[in-house]
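Everything below concerns the one structure shown next.
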Amino acid sequence: GAVVSQHPSWVICKSGTSVKIECRSLDFQATTMFWYRQFPKQSLMLMATSNEGSKATYEQGVEKDKFLINHASLTLSTLTVTSAHPEDSSFYICSARDLATGANVLTFGAGSRLTVL
Amino acid sequence: AQRVTQPEKLLSVFKGAPVELKCNYSYSGSPELFWYVQYSRQRLQLLLRHISRESIKGFTADLNKGETSFHLKKPFAQEEDSAMYYCALRGGGATNKLIFGTGTLLAVQP
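Protein chains in written order, with my numbering: chain P, 1 to 117; chain G, 1001 to 1110.
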């Protein structure tokens, strides 16, 4: 079945630095990927829709200059948290849909835990 | 606006008891509803979706447009059902955006 891989699974960084998280669809192509954020014991909040070859679509309240998204190929989307601060510490999860199946089902990555000191 | 409401944060039942996880939605068009499950230390995965009208691991969910609900049910809970359950809604359009409810933690006691 479809597999979505995220890297790194866990990253710790100092305040003020930038962190890049990768999301890859391993055995399928995805023109669209979705980035979610999950706080401890809370639900997933959609941050943005990553579109291959074009600009990402951000949800209301999400700073596009803070969370840079690049979807350079049909199998890779990256989320860069710029000038990270402790309040950006969270669990970031990406998802993608295998267009080939025709099913309207999203496959999720295992998530990337960001801790900003 | 799209909204998914799961009123219960925690549902604790004994093994063998019936389970109903509530989900209500708000959407003006024709929605697609899903249930996703997250077992301990595992990634989020699809449990079932309303268009399939299938039973997965003994769970079923029926879309009730009149009540705007998509409750998840299982007649006899098992300990391995303990997990976090999220109801999700996909509205119309080409973006395939999925909006999640706040989730319900199901704890099945032995």
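Cβ coordinates follow ideal geometry from the N, Cα and C atoms, glycine included.
Proximity test, Cβ basis, 8 angstroms: residue i and chain G
i, result
"A110/P", "yes"
"V11/P", "no"
"V81/P", "no"
"L106/P", "yes"
"F91/P", "no"
"F67/P", "no"
"F28/P", "no"
Interface flag, residue i vs chain P, CB-CB below 8 angstroms
i, result
"Y1025/G", "no"
"F1059/G", "no"
"L1046/G", "yes"
"G1103/G", "yes"
"I1056/G", "no"
"K1073/G", "no"
"L1106/G", "no"
"R1049/G", "yes"
"K1097/G", "yes"
"Y1039/G", "no"
"F1100/G", "yes"
"R1043/G", "yes"
"Y1086/G", "yes"
From the options, residue whose alpha carbon lies closest to that of residue i
i, options, result
"L106/P", "R1090/G, E1054/G, N1024/G", "R1090/G"
"E52/P", "S89/P, F91/P, T115/P, R24/P", "R24/P"
"G16/P", "D88/P, S9/P, D98/P, I93/P", "D88/P"
"K14/P", "F108/P, I93/P, Y92/P, A84/P", "A84/P"
"F1100/G", "N1024/G, K1065/G, Y1086/G", "Y1086/G"
"G985/G", "L1098/G, K1074/G, T1005/G, F1070/G", "Any answer about residue 985/G is impossible in this case: the structure gives chain G only from 1001 up to 1110."
"E1067/G", "L1106/G, Y1025/G, V1037/G", "Y1025/G"
"A1083/G", "K1065/G, W1035/G, S1052/G, Y1027/G", "W1035/G"
"N1064/G", "A1077/G, E1054/G, C1023/G", "C1023/G"
"A1001/G", "D1062/G, L1098/G, Q1038/G", "L1098/G"
"E1079/G", "R1053/G, G1103/G, S1040/G", "S1040/G"
"L1044/G", "K20/P, I93/P, L99/P", "I93/P"
According to DSSP, residues forming a beta bridge with residue i
i, result
"L114/P", "V11/P, S90/P"
"V62/P", "DSSP lists no partner for V62/P."
"C1023/G", "In the DSSP output, where bridge partners are listed per residue, C1023/G has none listed."
"F1112/G", "Absent from the model: residue 1112/G. The displayed extent of chain G is 1001 to 1110, so no value can be given."
"M1084/G", "Q1038/G, L1105/G"
"T82/P", "DSSP, once it has assigned bridges, lists no residue as partnering T82/P."
"M33/P", "S50/P, A96/P"
"R1049/G", "F1034/G"
**Item:** Proximal residues, the segment 40-55 of chain P versus chain G, C-beta separation under 9 angstroms
**Value:** Correct list: K41, Q42, S43, L44, M45, L46, T49, N51.
**Request:** State whether the segment 47-62 of chain P contacts the segment 1038-1054 of chain G, with contact taken as three or more CB pairs (one from each stretch) at a distance under 8 angstroms.
**Result:** No: fewer than three Cβ pairs fall under 8 angstroms.
**Message:** Below 8 angstroms, how does it come out for the segment 1016-1024 of chain G and the segment 107-114 of chain P: are there three or more Cβ pairs, yes or no?
**Reply:** Between the segment 1016-1024 of chain G and the segment 107-114 of chain P, the count of C-beta pairs closer than 8 angstroms stays below three; the two stretches do not touch.
**Asked** Is the segment 1103-1110 of chain G touching the segment 1005-1014 of chain G in the sense that three or more CB pairs, one from each, lie closer than 8 angstroms?
**Response** Inter-segment contact for the segment 1005-1014 of chain G and the segment 1103-1110 of chain G is present: three or more beta-carbon pairs are separated by less than 8 angstroms.
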